[in-house]
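Scroll down for the structure; my scribbles are underneath it.
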Amino acid sequence: MLADITVREWTLLAATSYVVFWLCRAVYRLYFHPLSRYPGSTLAAVSTSWYEWYWNYYKNGRMLFEIKRLHDKHGPVIRIGVNDLHVSDPAVYQDMTRIDSGFTKDPYFYQFISLPHTSIGEIEPSLHRTRRKVLTPALSGSRIQELAPAILAKTEQLMLRFDQVADSQTVISVPSAAKAFTMDIISKIVLGQEMGCVAEPNFRNEFIDFLHAAFDVGWMAPAFPTLSTVALALVEGFSISVIPLALLILAQRCLKITQKYLAKFDRTDSATKDATFDVESKTGSPSERSAVIDMLMDPSSAKGHKIPTLEELNDELIMLLTAGNDTTSNAMVMGIYQICQHPQIHQRLVDELRQHFPSPAQSIPYDQAKTLPYLTATIKEILRFAHPLPGRLPRVVPAQGYSLHGRQLRPGTSMHTSAYILNRHPDIWDRPDEFDPDRWLRDDSARLDKHLATFNRGVRQCLGKDLAWCELQILLANLFRRFHLTPNNVGPKDMEWVDLVLTVFQGGLLCRVERMD
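According to UniProt numbering, the sequence shown holds residues 1 to 517 in order.
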C-alpha cells in the first residue's frame, strides 16, 4: 500500500505533519509550558528565534526597548522566550548576583556574544575563577592607581589634539577621540604596548576598524545559528553581519596584530593551535610582569592556570580590548553630550574645577580628581544614564530551582536582567529619564550605589570597573577645565542608540572647541 503513495502525496503528508507538529508545539508553549502563566509576547512564547530576529535584526537592536515597554505594561516579570523570563525587580537582581546564588551564565546566549574560553565567555565557574585570578592583578584598584600617571599622560596627549582643533576652529569627533583614548590605555594594559590611536590623524587604527565592523550589526546568530553557520561557509562578506561569526572573522584578522605584540616572547613552536611561548627569559617577578599578556603566559599566575594556545590567547586579548574600549568610550560620549546639553550642570562642574584648579594649564591627577564631589556625582549619573553594556545578561536557574515572587521556577530556566532597565527602575530612581547628578548628593544617595547595575555584581562583576572610573575622572576633569565644547549640528536623534551587545549610537557627536580661562 505504501508503494502506491506518490511523491506528491508523500510531500503533502510531510508538509501536513510538520504544520501539525508546529501548531501542537505552539499550543503547548502558549498554554501548557511551565512559563505559560507569565505575560509577555505571544511570538516570543512560540518562537524565541523569530522574536529575537524581528526585534534585534529586522528592527536593528531594539528588542531592549520592547522589553521595557512590556515591563511597563505587565509588571516586573515578563516572558521573552520559550524558556526565558526577563526580570526588572532590583531585589531579584540582587539575589541572582549573590556569590552563593548558584546562578550561572546562559551558555546558549554567551556563545553568540563572546569568544569561547575567555574571561567573558567562560561558562564553567571553576575555569572562570582561575582565569579571573590571572587577570585581576592587572586591573585591580591598586594597579590602576599605579597606572594613573600614564593615563594622565595619555589625557595630556589628547588635550593637545583638542588644542589643535581650537586653533583651527574646526570640529572634533568626540566618539573617535574617546575610542582612541580608551584603546591606547587598554592596549597598554593588555599588551604592554599602546596602539597609538590618539596620535593617528583620524584617531583610527586597524583593530578599531575591525572591531566596529563586528559590532555595528544585528543579532542574527542568536536567532538563527544554523543559518549563520551556513552563511560563514558560503559568503564571508555576509558573515560579517552576524555574531559571533563577525567575532570569528575579527579574531582571524587580528591574529597578525596579536603576533606582532608577541615579539617579546620566545616562541618554541610554530603559530599553530598548539603554539606555546616561553616566558622564563622575562626578567622580574610575576608581579613586575604586569601586562595581561605576561600574566596569561605565566603558568604561575594562578593555581590551575594553563598557558593558552595562540588561538586562545588571541581570543582573550580581543575580548579584553573590546570590553575596555567601546564600553568606557561610549560612556564618555554620552556624558560629554549630557553635560553640554545641561548648562546648569556644565557650569557647576566648571565652577568646581576652577575652584580647585585656578589655572587651566594645570594637569589634574587622579588622586585629586576623585575627591571632587560634583565631578564624582556627575560620573555616577553618566554611568547610570549611559549604560555602556545595556542589554540582557541571562543567568540559568540552578539545580535546586528558584522561587520568583512565590512561584517556583524549574532548573534550567533562563532569567534575564538588563542594566538599562534596572538603572531606570522608578522604585529606585526618582525621575529616571532625567540626567541629574544631584541625586547622588542627597542624604539618601548611599542606597543608590548598590542599585547601580552598570558593572554587574558578584563574581561576574566587570573587571575593568576601577579602570573605567580612573579614565572618566581624569579625562572629564581635564577636558572641562580647559575647554568649552559646543555640539555642532547634533540633535537628540544623533544620540539615540540601539543595543547591539554594545551601545551603538545612531549618529555622531561633533563638537567645536574653545579654550577656557
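Note that beta-carbon positions come from the ideal geometry of N, C-alpha and C, so glycine has one too.
Just so we're clear, the structure is a prediction, and the values are computed from it rather than from any experiment.
Check                                                                                                                      : Outcome
At least 3 beta-carbon pairs within less than 8 Å: the region 132–143 vs the region 463–480                                : yes
Classification of D315 by the beta-carbon crowding that lies within 10 angstroms, buried from 16 upward                    : buried
In chain order, each beta strand (DSSP E) run of at least 3 residues that lies wholly inside the region 129–184            : 171–173
Inter-residue Cα distance where the pair is M495 and Q506                                                                  : 6 Å
Beta-carbon spacing of A178, S17 below 8 Å                                                                                 : no
Boundaries (first-last residue) of the alpha helix (DSSP H) holding G335                                                   : D326 to Q341
Classification of F21 by the beta-carbon crowding that lies within 10 angstroms, buried from 16 upward                     : exposed
Beta carbon of S119 nearer than 8 Å to that of R131                                                                        : yes
Three-way DSSP call (helix, strand, coil) for S228 in this model                                                           : Any reading at S228 must be qualified, since the residue scores a pLDDT of 46, below 50, and its modelled position is unreliable; the value itself is stated next. Three-state result, S228: helix.
Counted within 10 angstroms of its Cβ, other Cβ atoms place T327 as buried (16 or more) or exposed                         : buried
Proximity winner among G491, P201 and R457, relative to S101 (alpha-carbon distances)                                      : R457
Bounding residues of the alpha helix (DSSP H) (the contiguous stretch that carries Y420)                                   : A419 to L422
Coil, strand or helix - V77 by DSSP                                                                                        : strand
Endpoints, alpha helix (DSSP H) assigned at L448                                                                           : A446 to D449
Alpha-carbon spacing of M295 relative to E312, whole angstroms                                                             : 14 Å
Residue-level contact to chain C via CB, D438, 8 Å cutoff                                                                  : Protein chains in the displayed structure number just one, and chain C is not present.
Distance CB(P175)-CB(G508) smaller than 8 Å                                                                                : yes
Same chain, Cβ closer than 7 Å to R98, neighbours up to 5 away in sequence not counted                                     : G458
Heavy atom of the ligand COA within 7 Å of S363 beta-carbon                                                                : The ligand COA is absent from the structure shown, which contains no ligand whatsoever.
8 Å Cβ cutoff met for D84 and H416                                                                                         : yes
Per-residue burial, E352 [other beta carbons within 10 Å of its own, 16 or more giving buried]                             : buried
Pair within 8 Å by beta-carbon distance, residue 533 and F32                                                               : Shown here, the chain extends from 1 to 517; a query on residue 533 therefore has no answer.
Per DSSP, cross-strand counterpart(s) of H86                                                                               : I78 and H416
Contact the region 430–445 vs the region 378–393: 3+ CB pairs below 8 Å                                                    : yes
Validate contact between the region 48–56 and the region 353–360 using beta carbons, cut 8 Å, 3 pairs                      : no
From G81, Y420 and D449, residue whose alpha carbon lies closest to that of Y54                                            : G81
Spatial distance of E124 from P34 (CA atoms)                                                                               : 26 Å
Cβ-based neighbour list, M319, same chain, cut-off 8 Å, excluding 5 preceding and 5 following                              : S114, L115, T118, S119, I120 and G121
Through-space distance from F203 to D209, alpha-carbon basis                                                               : 11 Å
8 Å contact criterion, which A369 and A453 should meet: CB distance rounded                                                : Their Cβ separation, rounded to whole angstroms, is 24 Å, which puts A369 and A453 out of contact at 8 Å.
S414 vs D106 beta-carbon contact at 8 Å                                                                                    : yes
Chain-order list of residues whose beta-carbon lies under 6 Å from that of F385 (same chain, five-residue window excluded) : F435
Where W429 sits in the DSSP three-state scheme                                                                             : coil
Three-state secondary structure assigned by DSSP to V27                                                                    : helix
Simplified DSSP assignment, three categories, for G237                                                                     : Interpretation of G237 is limited by its pLDDT of 38, a score under 50 that renders its predicted location unreliable; the figure taken from the coordinates is listed afterwards. If DSSP states are grouped into helix, strand and coil, G237 belongs with the helices.
Whole-Å CB distance - V498 paired with G61, under 8 Å assumed                                                              : 3 Å
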